[in-house]
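A.B. asks: 136 is the number that the UniProt record's numbering gives to position 136 of the sequence shown; each next residue is one higher, with no gaps.
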Amino acid sequence: MKKYLLLFLLLLSGSVYAGPDKWVDEHGEVHYSDHPPKNQTNVEQLHFPDKPGAPPADNPYGRKSTAEMEADFQRAKAARDQEAKKEEKDRADAQTRQANCAGARNNLRLMEQSRRMFKMDQNGERVYMDDNQRQQQLDAAQQAVNQYCN
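(1) If distances are taken between C-alpha atoms only, which option among Lys119, Lys89 and Ala144 comes closest to Gln133?
(2) Decide if the stretch 104 to 111 is in contact with the stretch 65 to 82; the criterion is three or more beta carbon pairs, one per stretch, under 8 angstroms apart.
(3) Count the other C-beta atoms from every protein chain shown that fall within 10 angstroms of the C-beta of Ala92, then say buried if there are 16 or more, exposed otherwise.
(4) Look at the Cβ atom of Met129, then the Cβ atom of Met111, and state whether they are nearer than 7 angstroms.
(5) With a threshold of 16 other CB atoms inside 10 Å of the CB of Ala141, please say whether the residue is buried or exposed.
(6) Need the endpoints of the beta strand (DSSP E) that Met120 sits in, please.
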């Protein structure tokens with residue numbers, strides 16, 4: 001019995017609030033009220049949407065679903081990881097260029113300070129370079145400095 005009474009009251013409560021009413025009186029004035037007047041027959045019941053610009057019914061709160069948020073997170077994480085790898089590669093390349101530059105400058109400095117340059121032959125003996133060979137080696141060292149340091 002209590003169930004039926006509760007159900008009846010619940011259904012009745014929805015019809016109690018029917019929204020505001022609009023009517024025009026005998027003087028031509030427009031009135032708005034929660035309750036229609038007793039002696040008026042030309043009463044228009046107004047219905048307003050819940051909220052203007054409300055989100056669509058399939059997503060009532062305008063929030064992203066968990067799957068959409070997870071996909072956004074994964075895309076952002078992949079972009080961060082890719083950027084971190086690129087920065088690490090750039091950092092490693094810069095260190096390699098710096099080491100190559102330092103080695104080329106050191107090699108050029110040593111060649112410029114030495115008056116007599118030599119190479120080792122297959123027997124392990126020194127073979128001294130003439131002036132043309134020395135100049136070719138200096139030019140090659142200068143090209144290496146230009147390549148690695150610029």
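A virtual CB, placed ideally from N, CA and C, is assigned to each residue, including glycine. This structure is a prediction, so every number in the text was calculated from the model and none was measured.
C.D. replies: The relevant details are as follows:
(1) Closest option to Gln133, Cα to Cα, is Lys119.
(2) The stretch 104 to 111 is not in contact with the stretch 65 to 82.
(3) It counts as exposed.
(4) Taking 7 angstroms as the Cβ cut-off, Met129 and Met111 do not qualify as a contacting pair.
(5) Burial call: buried.
(6) Per DSSP, Met120 is one residue of the beta strand (DSSP E) stretching across Phe118 to Met120.
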